[in-house]
Each structure stands twice: as structure tokens, then as C-alpha cells.
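Chemist: Just passing along the structure, written as C-alpha cells.
Protein chains: 4
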Amino acid sequence: MTQSFTLGFSCPDQPGIVHSVSTFIVEIGGNITESRQFEDRENQLFFMRVEFDVKSKTDLESIRETFTKIAEKYSMKWRLADSTQRERVLIMVSKYEHCLNDLLFRHRSGALAVDIPLIVSNHRDLEEMANWYGIPFVHISQSNGKDAAEEQLRKVIADNGIELIVLARYMQILSGQFCEDFAGKIINIHHSFLPSFKGAKPYHQAHTRGVKVIGATAHYVTRELDDGPIIEQEVARVDHSHTPEQIASVGRDAEAHALARAVQWHAEHRVFLSGQRTIVFR
Amino acid sequence: MTQSFTLGFSCPDQPGIVHSVSTFIVEIGGNITESRQFEDRENQLFFMRVEFDVKSKTDLESIRETFTKIAEKYSMKWRLADSTQRERVLIMVSKYEHCLNDLLFRHRSGALAVDIPLIVSNHRDLEEMANWYGIPFVHISQSNGKDAAEEQLRKVIADNGIELIVLARYMQILSGQFCEDFAGKIINIHHSFLPSFKGAKPYHQAHTRGVKVIGATAHYVTRELDDGPIIEQEVARVDHSHTPEQIASVGRDAEAHALARAVQWHAEHRVFLSGQRTIVFR
Amino acid sequence: MTQSFTLGFSCPDQPGIVHSVSTFIVEIGGNITESRQFEDRENQLFFMRVEFDVKSKTDLESIRETFTKIAEKYSMKWRLADSTQRERVLIMVSKYEHCLNDLLFRHRSGALAVDIPLIVSNHRDLEEMANWYGIPFVHISQSNGKDAAEEQLRKVIADNGIELIVLARYMQILSGQFCEDFAGKIINIHHSFLPSFKGAKPYHQAHTRGVKVIGATAHYVTRELDDGPIIEQEVARVDHSHTPEQIASVGRDAEAHALARAVQWHAEHRVFLSGQRTIVFR
Amino acid sequence: MTQSFTLGFSCPDQPGIVHSVSTFIVEIGGNITESRQFEDRENQLFFMRVEFDVKSKTDLESIRETFTKIAEKYSMKWRLADSTQRERVLIMVSKYEHCLNDLLFRHRSGALAVDIPLIVSNHRDLEEMANWYGIPFVHISQSNGKDAAEEQLRKVIADNGIELIVLARYMQILSGQFCEDFAGKIINIHHSFLPSFKGAKPYHQAHTRGVKVIGATAHYVTRELDDGPIIEQEVARVDHSHTPEQIASVGRDAEAHALARAVQWHAEHRVFLSGQRTIVFR
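Protein chains in written order, with the numbering used here: chain A, 1 to 282; chain B, 283 to 564; chain C, 565 to 846; chain D, 847 to 1128.
Structure below.
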């Protein structure tokens, strides 16, 4: 019986890190199947993601314990996971359905290997779609204020063991405190090629400015709106003949694709944070 | 003997324009070979570009005279040109050579059908390249101030019958008066995906922001720096492993391509101005 | 009240065509809103597509009658349609659901402006999806042979006034006679970048050959399998790390997009046949 | 003083390889700066490329000797090189100049870090371009037959310590024996999206077939013409309005880019052969 694990970490750069990690893997009887490293010379940081197989029956907790010594020695931020265990993802939506449909269709077809225990929305419009895909839908109203809504949201997150929150065109702004508490765990899709056209109606802005290429940006959410670390961007050509509505239509495809890739890479532990930037081991 | 002409115009939209134009072409014995139209409903403007062949020997001036009546009737801004007559292009450079080399190589290989009577620079670095391609090189120093330099530039433009000025990474800012006097006749290449990263060092800004796609923008020059109507944009993917220098290197290819296309389209009279936007009949 | 019409035609090239067409439009009180022409010099053919508005209440049949004289004079193959009337599209599927889902989602969201009276399949797998999108699903079994199945299919097409048949990964080969009877009215999506990798398992072929870019091809169906006129192609990058299954997954997105664009362009009467090639006025 | 080395190898897959390599690097005082691995499960092969710095003055020969034991243990095909030492590249051309100009311009601007000791051609057309870029040009005539020409070519290769031969639109076919003797050391640019349109006049074939996307393919040369392992492919959109000549013009840009990337990746030891396929650690 073979088990597969994924280890990811970042730490201050220094010699011997890869050797220590590969020694650890050999000692637990592992065989590396995929590995990526990046040395951020500017910030003197080292990033590594390694997948390895172990033939014998192995206890995740015990190998985590073994690894802790290495992690402490090198002051790592790290995560060691069973590769077959799926990330638990909460999708939040409002009224736009293209990103939700795209994520749920990929999930249904097996292309997106995550668990989606539920969908949360501040409206009821997409409940029918959630039902058809067989995912529980929870309506959290904003009518009692943002604080009450976020309290309810936090409860849902805790109750369902949510590890990642995906804002699939969720049109409410989360509080700064919420963003900080779930830093690196909320992915948003912004409907423009950030940093262009922040704020409202980016496709109208793009039309007014007469750009020839538009885009969409999947990024981690931070206190600063539309300013979080970028995970993925997708672009598409437009021209003078596109109305703002047609630009938006072209843009919706770009949004869905950028978001789907960002969610998949995050779920496969391929995305690492480095200040305002991301390292993505695609 | 067949002659080929290109007619381009914009005017307030109203019925009968295409009919009047096609009647005119039939009456001078012409045959339409390519035609494009665009109705800007927002601004109630109509744009048209039409190429037509005339079999008999025809005098450009006389058909211009004939067309003037139609042009006046519909309040057109228009241009009627012999299709085989090449646009006279002045290229301005400073020290970066990638855009100049790209334009001159396309010109030499026949892919860019324009005349380049001379190259102007505020430095002498690229004189050798100009020489090799056999294009006269004129050094206009900034040492006596911008006014003196622009006066000299204006003289060079007039003496050489220049119709289009291409700023191929020319690192001096032209005066507002100059920009206005040559409105719609100066194309600049900006080394970013406008409107992102205006101003200095855009590739460093892109690196700092951690974007996953960079771009370059060819646009007409206006008084407002980096804010003129966009003609063409080119994009390229980058990732976390790119240094600012590598981003710049990837970007240089994007700059050269966006600029070459913009110059070609302009020279083929395919670009029309509509406020801050362009109509490009590619 | 304004009505909008779309006229498309091809004919042997000769002077005066555009003038005749524009005269016709003026005479019925029309105003051209979009127009494209192409002169195929190689084959001496002329192609034109023109959209025009007519302010008064106009009878489609009477303007068709008026146009017939022009059409006959120039030996046109032509079509004149009410722009608001939607193409009636039959979608045929087998077991793969990605193209069907993509088409139905675009249809539902309004991005694909066609009527889909029903879906036909040789299997029952996608019936549930059809139901959810609210489109009638007809199962036509192959168990009584291809002839019986095609007879049933022809009846369904006639009964529903079908104008276009879309093979959205339909895994049966249609008879040569059927292909000829519906020439130019069947669009297929082939899961490779034709003419590479014709035939079975193209993604495995692509993997074996080690290509770095894969694609999908939407084309009209002819007697010769995978050899019909190409309408649209979409490409995507892959690398050595992609398994055949992952290549197929990347390819499915390319298939869905190429097919959706081909269907939309056909439905907007933007696609013209010229021998083995297509003219697409995008 | 820091030295930088690049190690690349392939070998049958088995546990412990990465550990052995990283132990070796630690023991010679090295620090890994970039590393990539790939496990080809289908063929049970393991590929690795690792760059590492060594702070002390180190003798390349002595570390090669040390590594030999590991290489033998795992039956590796390997190469260990000083990262700063440039690949010695021979460019072969005939009459087309676009690929040569692109390579030489990138070389001149520093973007392509290789040594180009000379250019060989069977014609004299591009001698002037070689001269301007300051690269010696050797004309090897085919007038005494292929054998005599290849003998002369072999001498030039030996005399100049050539490590890589780049066929930048070289229009002669090399002998099967030559291809075998320099297997994995000759890169060709084919002017189509292989495996489509093998053989002569691919752009005319593409036009006749009416494809909507064209491409270019950089590949290693083998006995079988146009059938060697693909390193890189580049694509570009065309449409019905492109003549074969315009398709060729669009294609020339694609050729130049695909070839430049292939040469750069090979020179950085990023390309590994695996049967008919390549592993490219971009």
C-alpha cells in the first residue's frame, strides 16, 4: 500500500535545507515524486514544495512529529498533508452565476479535486443551481448588519471544517478583522486585470479607456480592497466593437478560468505567500 | 493599368452614407476590394475604411475633388490616399535598441511597408544600427534646452515630409504644444499594460506588485502622459521566478510587437480616433 | 419601431455589387449598422455580410422579394434574416458533458442567443443535465441500426424546424448521405488541433508525440471525417508533466470554447463557405 | 568568491536519488538555488536539474570526479557544468534572415547568453548581416556534394569546440549519419505546427486547409525529417483574409520566438531527452 504526502514550507534561506528534507524523506522510507524550490534572493527566503510516496502504512501524525525538529531548526512555516485528503472549500456568491457554475462543473466532472461542503450567499438567486449540483446552500442575510452576518459565517466555517473560502463574485465587502483572521485562506476573483481598474464597474472603465486587452485577477483577500497577493491572471482581447456588456461577457470567461486555476493550485498546496506576492509552483 | 486607393472617414451617423460612398466609387469606375464600417452608437458616429481598385489611369487629385462634395454633405473627417504610396515615418529613439531593431528589420524584410527617411535621437548610441540599416541618423541634442531641440525637430519633420512620428522608446517628454500640433501623428510605446503602472520603472512596479501577466501599450501621444488613445496592447506571462530584469526582457518583446503592429495599422490607414478611444479596422 | 436585418451572400466578383446592395438598402429606408466584405482573389469570389436597421414596419418577405432581382443579377448564394430571429439549434451528445454544459450555460445566461428546442443523444447519461437546463431530451437508440436512427433524427429535425445541428462530442459517425443533405448545417468539435491527430484518441497521440501546444477544432461536417471546413480553433499549452488524462482535461476547455464561438458565429450568420475554407466575419 | 554550477541528469527511478544528490552538494559546501525534478512514471525514469552555489574556490574537475560515484550507482546520464560557462553555438542558415537576425539581436543585447563563434551557410546572402553583428561567417558550398560539405562542416565544428548546432532556416537536409553523430545537439526550426503540415511549403498547406491558427516548432533533429523530439512550439492566429504570403509573415515571428526559446533552454541545460519527447524545466 502506497501513501502520498505533500510538504510545503518557507523559511530563511541557508545551506543544507534540501539535504535535511531529503534525509527526512529517506528515513521515513519515502520516494520523491515531484519537487519544486525557489530562492527569493531579494528577501533571503527559501520556498519548497515536495510530494513523496511512502510504501508502508504510515501515520501522518507521527511523520509530522518527526518533521517538527527540522521545521524548528530552520524556522519554517510549513504544512504536511496527506495528498489524497481534499481541501474543504466554502464558496460564497451573490447573484452572478458564471464562476459558481464553472467551479461546480469542474468539481462534478472530477477536474477540481476539492470538497465543497456548502455554498453561502447573501441572496437566494443561486440556490437552485446549488441544489442541482447537490451542494447544500446557506442563505446568510445582511439585514441584521455585517457583524451579525459575519458571526453566522464564522460559525458555518467552524462547523464545516472549512479550510478555504472562495469569493466567486461575492458582492459584499468582508470586515478588516475577518480578512485578517482568515489571511491566506480567502480567494477573491476581481473582474479586471489588477492593478488596473480597481473598484466598481471595471468593464465600463475598460471600455471608456479603450483598452485592447481585458483581464481578471484571482487574489488572496486582505484588508486593502483589491490589493491582496495575486495568484493568477487571465487575459482576453477585445476591440472597439465591444460594448461594455460584451466586454463583461468576454470577461466572465476570464474570471471563471482565473478563479478555477487559483482554487486548484491553492488546494494542491502550490501557492505560497511572500509579502504582497505569491510563489506558485504550477 | 490598375490603381488602388484607400478612403477612410468618420462623420455623424445618418442613413445613406454607404450608398453615397459606393455610388461615388461606381461613378469613378472603381471596384471595392476591402471595406469595413463601424457605427459608434454611443457617440452617434460612423467610421468607414474602404479600399478600391480603378482600372483606368486616374488622377488622385481629381477624385479627391469629386469626393469633397460627399465629404462636405456628411461633415466627414476624411483621407483619400493612393494605396501604394507609403507613409513617411520618422523614428525617434534614445538608447534602447530593441524597438528600433524590430521596426528596421521588418522594414528591411518588406513586412513593414513604410518609408523611413531618417531616425532622430537625443543620443548617439544607435547611430551605428541606423547606419547598418542604411537609414540617415540625426542627433538632436537636448543640451540647448527642449525648445531649441523641438524647433530643430520641427524643421526635420517639415524638410522630410514626415507624416508619422514613432517614439520607439524615446526617453524625452515632448512639450504639450508639440503633442497638440501633431495630434494623432505621434505613436509611443509604453512599457506597461496601461492603465497599470504609469510613470517610471513599470517593470519594477509589476515585479513589486507580483502580477502574473505583463504587457506593453502602443498609443497616440497627447498632452497627458501615458493617457493617449490606445492602438494596440500585447501581453506576456511572467511568474514569481522572474527578476525585474527578466520581466523587462520579456517585456521588450511585447513592446516591439505592439509597436510594430500599431505602426503598420496606422500606415495602412486602419486606425481612427474617437475621443480617447481608437477604432482599428485590422 | 425599428427592425434589424442581416443579409449575407457570396457571388462571383465584379464591380458594382456593393453599390447595388447599398442602393437596395437605401430604397427600403434602411441604415447600415455593420458591414464586412471580403474579396477572395484566388477564386474570384466576393463575400458580404451587412446588418441594417429599418425604421418603418417592414415585411421580411417583401424585402426578400425585392432583393431577389439583385441576387439573380449577380448569381448570389444569399440569406436575408430578421436579426432578432434566433437560429434553431439541435445539440447532439453522447456521454461527455463539458461541451453540452458550456453551451447550455451560455444559452441560459443569454450569452448565446439561439433557440435550443431539444437535445438528442444515443445514450441517456446527459438526460438529467438537459432536464435541469429545461431543454427536452430525446434518446435515439442505435440498436436498430444507423439507418433507423438517422430516419428518426431526420424526423426530429423536420418537426422542430432545426436550422443547425451541433455535435457536442457526439460519438457516432453520421452517414455520408446525411452529411451531404445537411452540408453547412452541422458543426462538429474535434478534440485536436486539426489537421494534426485525426482519428481516435488524439490526446494520447499528442502525449506520445510530445507536443507543447494542443488544440480543438470546430468545423462543418462533410463526408470526409475530420476534414470539413474549419470555423474556429483554440489552443492551450501543455508540457512534459501532463498525463494523457491531464491533456484531455486541458483540452476539454479548449473544445468548449472553440465550439461555443463557432456556434455563435454561425448563428449570427458570420460564417461563409468557400470550398474547403470558411470566411468568418467576426 | 561564489561559483555557480548546474547539474542535470536522468536515470532509472528509485528511492534515494534526491537524497544522494543533496548530500553530495552539502559535502562540497554547496547551496541549492534552483531545483526541478520529474518522475516519468510511464517509463520509470527520473529527471533532475539542480543549480547550486559554492562559496569557496572549487575545481570543476574534482567535483565531477566526486559525483561520478553517485552517477554510476544510479546509472545516470549526466552533465555538470560551470553555470557561467556559455554554450558554444554554431548557427547554420541559407537565405532567410529572420531567425538569424532574431538570435543575433538577442545575443548582442545580452538576452541570449551563449557564445556564437561562427555562422555557416550554403549561400553568401547573409554574410553582410553576420559581419555587422561581428560574427565570423563561413560559406560551405554544396557544389562538391553533400559528403564534402559535411566533412568541412565537421572540421569547423571540431575546430571551434561547437556544442550546439542551430538550423535557423537552413534549407539543406543533413545526412542520417550526421544527425546520429550529433543526436540531441542539433536544433531545427520547422515552419509549421508539427505534426501538421510536414514537408514543403507548410504555410501554403495551412492556407489551403483554411486553419485559423498556425505555428512553428523547434525540435531536435533526427534521421526522420521533421519527426524529432519537440522542444518548443509557438502559435499565432490567422484568418481567411491572410494570403499564403501573409501567413508566412506571421509565421516568421512565431519561428523566431520558438527557436530563440529552444536555444536558450538548451543552453541553460533545461532540456532533457526521453525517447521521442523532451522534458523542459522552464
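Glycine is no exception: its CB is placed at the ideal position from the N, C-alpha and C atoms.
Output needed in chain order: residues of the segment 209–243 of chain A with a Cβ under 7 Å from some Cβ in chain D.
Modeler: Against chain D - using a Cβ distance shorter than 7 Å - the segment 209–243 of chain A contributes no residues.
Chemist: In whole angstroms, give me the CA-to-CA distance for F328(B) and E661(C).
Modeler: Within the second sequence, the letter at position 46 stands for residue 328(B). Within the third sequence, the letter at position 97 stands for residue 661(C). Rounded to the nearest angstrom, the two C-alpha atoms are 43 Å apart.
Chemist: Are the beta-carbon atoms of I398(B) and I345(B) separated by less than 8 Å?
Modeler: Numbered from its first residue, the second sequence carries residue 398(B) at position 116. Numbered from its first residue, the second sequence carries residue 345(B) at position 63. Against a cut-off of 8 Å, the Cβ pair of I345(B) and I398(B) comes out as no contact.
Chemist: Give a yes or no on whether the C-beta atoms belonging to V785(C) and C743(C) are separated by under 8 Å.
Modeler: To locate residue 785(C), count along the third sequence from 1; it is residue 221. To locate residue 743(C), count along the third sequence from 1; it is residue 179. Result yes, Cβ atoms of V785(C) and C743(C) sit closer than 8 Å.
Chemist: Can you tell me which of V814(C), N686(C), L728(C), K633(C) puts its alpha carbon nearest to the alpha carbon of K710(C)?
Modeler: Taking the third sequence and counting its residues from 1, one reaches residue 710(C) at position 146. The shortest Cα separation from K710(C) among V814(C), N686(C), L728(C), K633(C) belongs to N686(C).
Chemist: Which residues in chain A have a C-beta closer than 7 Å to the C-beta of Q883(D)? List them in chain order.
Modeler: Residue 883(D) sits at position 37 when you count from the first residue of the fourth sequence. Those are I32, E34, S35, listed as they occur along chain A.
Chemist: Taking just the CA atoms, how far does E34(A) sit from S940(D)?
Modeler: Translated into positions along the fourth sequence, residue 940(D) becomes position 94. Translated into positions along the first sequence, residue 34(A) becomes position 34. Straight-line Cα distance between these residues: approximately 43 Å.
Chemist: For F851(D), return the contacting residues in chain C, with the cut-off set at a CB-CB distance below 8 Å.
Modeler: Within the fourth sequence, residue 851(D) is the residue found at index 5, counting from 1. Here the premise fails: no neighbours, minimum Cβ distance about 24 Å.
Chemist: Tell whether a beta-carbon distance below 8 Å holds between I1033(D) and V1109(D).
Modeler: Your numbering for residue 1033(D) matches position 187 in the fourth sequence. Your numbering for residue 1109(D) matches position 263 in the fourth sequence. Result yes, Cβ atoms of I1033(D) and V1109(D) sit closer than 8 Å.
Chemist: Could you check what DSSP says for E445(B) in three-state terms: helix, strand or coil?
Modeler: Taking the second sequence and counting its residues from 1, one reaches residue 445(B) at position 163. Three-state result, E445(B): coil.
Chemist: Against V308(B), what residues of chain C qualify as contacts under a CB-to-CB distance less than 8 Å, listed in chain order?
Modeler: On the second sequence, residue 308(B) is found 26 positions in, with the first residue counted as 1. Going along chain C in sequence order, the residues near V308(B) (Cβ under 8 Å) are P579, G580, H583.
Chemist: Please list the partners that P399(B) has in chain A, where partner means a Cβ-to-Cβ separation under 7 Å.
Modeler: Position 117 of the second sequence holds residue 399(B). Correct list: empty, because the minimum Cβ distance to chain A is about 29 Å.
Chemist: Among I279(A), E65(A), G110(A), L118(A), which residue has its Cα nearest to the Cα of E232(A)?
Modeler: Position 232 of the first sequence, counted from the first residue, corresponds to residue 232(A). The option with the nearest alpha carbon to E232(A) is I279(A).
Chemist: On the CB-based measure, 16 or more other CB atoms within 10 Å of its CB, does G725(C) come out buried or exposed?
Modeler: Stepping through the third sequence from its first residue, residue 725(C) is reached at position 161. The residue is exposed, with fewer than 16 neighbouring Cβ atoms inside 10 Å.
Chemist: State yes or no: is the beta carbon of H380(B) nearer than 8 Å to at least one beta carbon in chain D?
Modeler: Within the second sequence, the letter at position 98 stands for residue 380(B). Yes, H380(B) counts as interfacial toward chain D.
Chemist: Name the one or two DSSP bridge partners that A800(C) has.
Modeler: Here residue 800(C) is taken as the residue at index 236 of the third sequence, counted from 1. Looking at the DSSP assignment, A800(C) forms a beta bridge with I778(C).
Chemist: What in chain A is Cβ-close to T869(D), meaning under 7 Å?
Modeler: Residue 869(D) sits at position 23 when you count from the first residue of the fourth sequence. Under the 7 Å cutoff, chain A gives H19.
Chemist: Could you check whether R209(A) and P484(B) sit closer than 8 Å to each other, using their CB atoms as the reference points?
Modeler: The residue labelled residue 484(B) in the question sits at position 202 within the second sequence. The residue labelled residue 209(A) in the question sits at position 209 within the first sequence. No, they are not a contact pair.
Chemist: The alpha helix (DSSP H) spanning A812(C) covers which residue range?
Modeler: Locating residue 812(C) in the third sequence gives position 248, counting from the first residue. Per DSSP, A812(C) belongs to the alpha helix (DSSP H) from 808–831.
Chemist: Of the residues L690(C), Y697(C), A818(C), which one's Cα is nearest the Cα of I704(C)?
Modeler: Residue 704(C) sits at position 140 when you count from the first residue of the third sequence. When each option's Cα is compared against that of I704(C), the closest is L690(C).
Chemist: In terms of DSSP beta bridges, what is I863(D) paired with?
Modeler: Within the fourth sequence, residue 863(D) is the residue found at index 17, counting from 1. Note: I863(D) sits in no beta bridge, so no partner.
Chemist: Which chain C residues sit within Cβ distance under 7 Å of W132(A)?
Modeler: Position 132 of the first sequence, counting from 1, holds the residue named residue 132(A). Chain C residues near W132(A): W696.
Chemist: Give, in chain order, every residue of the segment 156–186 of chain A whose Cβ lies closer than 8 Å to some Cβ of chain B.
Modeler: Answer in chain order: no residues at all.
Chemist: So which residues of chain D does S685(C) contact, with C-beta pairs closer than 8 Å?
Modeler: Sequence index remark: in the third sequence, residue 685(C) carries index 121 (1-based). Result: empty, since nearest Cβ-Cβ is about 29 Å, beyond 8 Å.
Chemist: For T288(B), does the count of other Cβ atoms within 10 angstroms reach 16, so buried, or fall short, so exposed?
Modeler: For the purposes of this step, residue 288(B) is taken as residue 6 along the second sequence, with counting starting at 1. Counting Cβ neighbours within 10 Å, T288(B) comes out buried, since at least 16 surround it.
Chemist: Kindly indicate which residue of H551(B), I307(B), R368(B) has the alpha-carbon position closest to the one of G392(B).
Modeler: Counting from one through the second sequence, the residue named residue 392(B) turns up at place 110. Looking at the Cα atoms, R368(B) is the closest of the given residues.
Chemist: Return the Cβ separation of I270(B) and F419(B) in integer angstroms, given the expectation that the two are a contact with Cβ distance under 8 Å.
Modeler: Residue coverage of chain B in this structure runs from 283 to 564, which leaves residue 270(B) outside it and unanswerable.
Chemist: Using Cβ-Cβ distances below 8 Å, what residues of the segment 924–952 of chain D are close to chain B?
Modeler: Correct list: E943, H944, N947, F951.
Chemist: Less than 8 Å separating the beta-carbons of R882(D) and F1127(D)?
Modeler: Your numbering for residue 882(D) matches position 36 in the fourth sequence. Your numbering for residue 1127(D) matches position 281 in the fourth sequence. Their beta carbons are under 8 Å apart, which means R882(D) touches F1127(D) by this criterion.
Chemist: So, at 7 Å on beta carbons, what are the nonlocal neighbours of A540(B) in its own chain, with the 5 sequence-adjacent residues on each side left out?
Modeler: Numbered from its first residue, the second sequence carries residue 540(B) at position 258. Contacts found: I471, A498, T499, A500, E514, Q515, E516.
Chemist: Quick one: does V280(A) have its CB under 8 Å from some CB of chain B?
Modeler: Translated into positions along the first sequence, residue 280(A) becomes position 280. Yes, V280(A) lies at the interface with chain B (some Cβ there is under 8 Å from its Cβ).
Chemist: What separation, rounded to the nearest whole angstrom, lies between the Cα atoms of P1075(D) and L654(C)?
Modeler: Taking the first residue of the fourth sequence as position 1, residue 1075(D) is located at position 229. Taking the first residue of the third sequence as position 1, residue 654(C) is located at position 90. If I take the Cα positions, the gap works out to 42 Å.
Chemist: I want to verify the contact list: residues of chain D whose CB lies under 9 Å from the CB of F701(C), in sequence order.
Modeler: In the third sequence, residue 701(C) corresponds to position 137, counting from 1. The premise fails here: F701(C) is roughly 32 Å from chain D at the closest Cβ pair, so nothing lies under 9 Å.
Chemist: Taking F631(C) as part of the beta strand (DSSP E), name the residues at either end of that continuous run.
Modeler: Counting from one through the third sequence, the residue named residue 631(C) turns up at place 67. F631(C) -> not in any beta strand (DSSP E); alpha helix (DSSP H) instead, spanning 624–637.
Chemist: Give me the subset of the segment 523–544 of chain B whose CB atoms are less than 7 Å from a CB atom of chain G, sorted by chain position.
Modeler: Absent from the structure is chain G; the protein chains it does hold are A, B, C and D.
Chemist: With C-beta atoms as the reference, is C663(C) less than 8 Å away from E819(C)?
Modeler: Mapped onto the third sequence, residue 663(C) falls at position 99. Mapped onto the third sequence, residue 819(C) falls at position 255. Taking 8 Å as the Cβ cut-off, C663(C) and E819(C) qualify as a contacting pair.
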